[in-house]
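Below you'll find the structure, written out as structure tokens, and then a few comments.
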Ligand code: FES
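In the working numbering, the protein residues as written are 43 to 409.
Right, dumping it as structure tokens:
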């Protein structure tokens, strides 16, 4: 992820390293745990000691086992080498396609949608294979056996095609994950690949008339898909991958004096606070812009970002934002960056919640 950004956006090596390791630095010392921190699992485990697994209620045991599985997977650092190789291959393939590669990547991330596309696409193969399993069960009952078998084969075929679409969007998102979430994501993808291979085997068996073997292969594949689905859900709901990480919005209040205009130099964004909410002020020519302090993708400190051709660039994975509207111009971010109104009054920069008017550095006239 980060290395592809380097090729495409010239992200400095130190910044890339900081992003990959989840070390957050800024001039004002922002402190933020990286998304998918292993401590998340450890905290979970400390609340569910092993003794509880033996004496607790069934749901406690399930939770503890789930947390332990994630903890173990998250620590498999040997997965990093194949992971980075795969990431580099994907990155180079997309970079080699130039603008078309960037548009494809944006399409697959879901920047046009406002949130990741992958969860929507995943519903297709899961539903199709679930239908196959249901039809297989129905085909055991007397009557319409041939029709049901044919329907389950067609349903399985659509599930296989949809699985490829889900794998494409998932791989594209996975490239920009970090540390533990990257390892869990790799296992999630590998399980899905095994399940899809079983579905293909099953489809071929059914076509050749080996129905029982075909049913067995798709049933085992569906079990693997369910286990993989647990990991996929954990990536989102427990590790925050794909969730808007831009943090708390400043949404109430009046014009607030934040900084002397002379203190804001071109090319040097500054972090300030309004009502306890972190903001970043930056100059773009004569304009003064105010945006949220954290990138919506994985929470990179925007204060370490920079302006390039009128777009604000995230320091970690090179997402680009329109600094006036906050809209994503290029992924992997999909959610917009919070933006605020600014004005300069008596040599001081004032900010208030609300959509920027487009007159970025208003003089205060008429206010
Ligand atoms: S943190 Fe990944 S693009 Fe900003």
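By construction, the Cβ of each residue, glycine as well, lies at the ideal position given by its N, Cα and C atoms.
Cβ-heavy atom distance, residue i to the ligand SAH, below 7 angstroms
i, result
"residue 283", "In the structure on display, the ligand SAH does not appear, and the ligands it does have are the ligand FES."
Closest Cα partner of residue i within the set the options
i, options, result
"residue 200", "173, 382, 287", "173"
"residue 196", "249, 139, 226", "249"
"residue 149", "379, 388, 374, 397", "374"
"residue 167", "178, 207, 140, 372", "207"
"residue 254", "355, 341, 194", "194"
"residue 388", "317, 370, 299, 316", "299"
"residue 205", "139, 372, 231, 184", "231"
"residue 288", "244, 273, 245, 370", "370"
"residue 169", "342, 130, 271", "271"
"residue 165", "209, 145, 128", "209"
Whole-Å CB distance - residue i paired with residue j, under 8 angstroms assumed
i, j, result
"residue 412", "residue 321", "This structure does not reach residue 412, given that the chain is present from 43 up to 409, and the question cannot be answered."
"residue 171", "residue 267", "6 angstroms"
"residue 220", "residue 379", "19 angstroms between Cβ atoms; not a contact."
"residue 295", "residue 317", "6 angstroms"
Short Cβ contact (8 angstroms threshold) for residue i with residue j
i, j, result
"residue 384", "residue 331", "yes"
"residue 115", "residue 236", "no"
"residue 187", "residue 359", "no"
"residue 376", "residue 153", "yes"
"residue 260", "residue 333", "no"
"residue 286", "residue 365", "no"
"residue 198", "residue 264", "no"
"residue 357", "residue 382", "no"
"residue 112", "residue 226", "yes"
"residue 361", "residue 372", "yes"
Neighbourhood of residue i by C-beta, 7 angstroms cutoff - its chain only, sequence neighbours within 5 removed
i, result
"residue 306", "312, 323, 325, 330, 391"
"residue 290", "319"
"residue 269", "233"
"residue 432", "Here the chain has residues from 43 to 409 only, and residue 432 is not among them."
"residue 394", "295, 296, 297, 298, 382, 383"
"residue 355", "51, 347, 348, 362"
"residue 247", "255, 256, 259"
Cutoff 8 angstroms; reference residue i; Cβ partners in own chain excluding five residues on either side
i, result
"residue 301", "312, 314, 323, 390, 391"
"residue 143", "135, 136, 137"
"residue 132", "46, 213, 214, 217"
"residue 309", "325, 348, 349"
"residue 140", "none"
"residue 100", "none"
Neighbourhood of residue i by C-beta distance below 6 angstroms, restricted to the same chain and skipping five residues each side
i, result
"residue 160", "211, 212, 215"
"residue 155", "none"
"residue 178", "194, 257"
"residue 157", "376"
"residue 80", "The predicted model places residue 80 with a pLDDT of 44, which falls under 50 and marks its position as unreliable; any figure quoted below should be read in that light. Result list for residue 80: 116, 222, in chain order."
"residue 108", "none"
"residue 353", "362, 371"
"residue 243", "259"
"residue 122", "none"
Minimum Cβ-Cβ distance from residue i to chain B less than 8 angstroms
i, result
"residue 125", "Looking for chain B here will not work: only one protein chain is present."
Around the ligand FES, what residues have a beta-carbon under 7 angstroms from a heavy atom of it, in chain order? Working through the chain, the matches are 61, 218, 337, 339, 340, 341, 342, 356, 358, 359, 360, 361, 374, 375.
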